[in-house]
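Here this note's numbering is used: position 89 in the sequence shown is 89, and no number is missing along the way.
Below is one structure, written out as structure tokens, with a few remarks after it.
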Amino acid sequence: MVNYVLSNAADNDLRKIYRYSLEEFGELKAVAYLKSLDECFQTLASNPDIGKNINHIRSGYFQFTHDKHAVFYVKKKNSIFIVRILHGSMAADRHL
């Protein structure tokens, strides 16, 4: 089974995304957005090559855009390791 693992930083990013979404859009939308991110992670785990290689920023890293966020990950043998989930306005080179 293909899987994904979150780094501590990515887990923290998810918590911040949820809190922001909860405050701005309410619980239903916050939960729905987290679910959509989980579905995105599952898709990436099953198809890790759909992300864009970003060796120019960090060697071995990939990026995939989901709505307003960019998911940064590394391919592993039977999984992906999600390093960060950053808002599109954030400079990846400063946060990876």
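C-beta: ideal position from N, C-alpha, C; glycine also.
Remember, predicted model here, so these are calculated numbers, not experimental data.
Is residue i helix, strand or coil when you go by DSSP?
i	result
Asp-69	Reading off the sequence shown, one finds His at residue 69, where the question assumed Asp. Residue state, collapsed to three classes: strand.
Leu-6	strand
Asn-12	helix
Lys-76	coil
How far does the beta strand (DSSP E) with residue i in it extend, from its first residue to its last?
i	result
Leu-86	79-87
Using the C-alpha atoms, what's the distance from residue j back to residue i?
i	j	result
Val-5	Lys-52	19 Å
Phe-72	Asn-78	17 Å
Asn-3	Thr-43	10 Å
Ala-30	Arg-84	19 Å
Looking at the unbroken alpha helix (DSSP H) that takes in residue i, where does it start and where does it end?
i	result
Ser-46	27-46
Three or more C-beta pairs below 8 Å linking the region 66-79 and the region 33-40 = yes
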